[in-house]
Amino acid sequence: YLMMWLVSHVKAPIRPVLLGVLLTGALVQASYNILTRQPLSDPKTELTDREVIAFIRKNSQPTDRVVIWGWADRLYVRSRRPAGYRYPQTVHLFLKSSLFSFRKKKFLEDIDRNKPLLFVDVLNSEVREYSTKDFLMKPHYYIRDVRNYVRKHYRLISTINGIRIYKRINPLSEVIAHQ
């Protein structure tokens, strides 16, 4: 609105000066924010976030993919790990839809192709509303095919405040286990 007002009410010779002042102020404020502001966090989840993020970082490399089961996409960003699934959350797997089978198939294809090192199920958290819209979703083991995939390819390595963290079984040990 300020820009529209500037163009329609301020005389032409003064416009560039006012525009320069506005842009300079905006750049100063943006620079200040980038340099000083910390990411916004939810006090209810912050302590658990820190523990989970530290665990993810300690047990993976920056190039290792991670899957977050639930809706806590902040963990990807704050752990600086890429997602092993095409979407940052799994809420759509719980929406009543004729697309359920298709969505489940795509989820399983993605994690089979990307082979994420860690699978983090945030839906058992002891922290209320740790996952956004957690009332819509259930832990991974409620979907049989996902439960079976996780059992076959991952092992539980940690539980932090109810959040279960699984690590992918070494492909060599997968081969040995199937013989």
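Each residue of the sequence shown is one higher than the one before, starting from 21 at the first, in the working numbering.
Beta carbons are placed, not taken as given, at the ideal position from N, Cα and C, and that holds for glycine.
This structure is a prediction, so every number in the text was calculated from the model and none was measured.
DSSP-derived helix/strand/coil call for residue 34: Counted from its first residue, the sequence shown places residue 34 at position 14. Note: residue 34 maps to coil in three-state DSSP.
To which residues of the same chain is residue 195 closer than 6 Å at the C-beta, ignoring the five residues directly before and after it? Locating residue 195 in the sequence shown gives position 175, counting from the first residue. Confidence at residue 195 is low in this model, with a pLDDT of 49, below 50, so the placement of that residue should be treated as unreliable; the coordinate-derived value is given next. Hits under 6 Å: none found.
Within 9 Å (strictly less), CB to CB, does residue 159 reach chain E? The structure shown contains no chain E; it holds only a single protein chain.
Does any heavy atom of the ligand GDP sit closer than 8 Å to the C-beta of residue 122? Among the components of this structure there are no ligands whatsoever, and the ligand GDP is therefore not found.
For the pair the stretch 175-192 and the stretch 129-148, tell me if three or more CB-CB distances fall below 8 Å. yes
Counting Cβ pairs closer than 8 Å, one from the stretch 94-113 and one from the stretch 123-131, do we hit at least three? yes
Indicate the three-state DSSP secondary structure (helix, strand or coil) for residue 25 in the structure shown. Translated into positions along the sequence shown, residue 25 becomes position 5. Of the three classes helix, strand and coil, the one that applies to residue 25 here is helix, per DSSP.
Opposing strand residues paired with residue 103 [DSSP bridges]: One-based indexing of the sequence shown puts residue 103 at position 83. Note: residue 103 sits in a beta bridge opposite 86.
From what residue to what residue does the beta strand (DSSP E) around residue 76 run? Within the sequence shown, numbered from 1, the residue matching residue 76 stands at position 56. Where residue 76 is concerned, there is no enclosing beta strand (DSSP E), although the alpha helix (DSSP H) it sits in stretches over 66-78.
Residues that residue 175 bridges to, as DSSP identifies them: Numbered from its first residue, the sequence shown carries residue 175 at position 155. Looking at the DSSP assignment, residue 175 forms a beta bridge with 187.
So, is residue 117 buried or exposed, given that buried needs 16 or more other C-beta atoms within 10 angstroms? What you label residue 117 is simply residue 97 of the sequence shown in a count that begins at 1. The residue is exposed, with fewer than 16 neighbouring Cβ atoms inside 10 Å.
For the pair the stretch 156-175 and the stretch 80-99, tell me if three or more CB-CB distances fall below 8 Å. yes
Whole-angstrom distance between residue 122 and residue 93, CA atom to CA atom: Mapped onto the sequence shown, residue 93 falls at position 73. Mapped onto the sequence shown, residue 122 falls at position 102. Looking at the two C-alpha atoms, the distance is approximately 22 Å.
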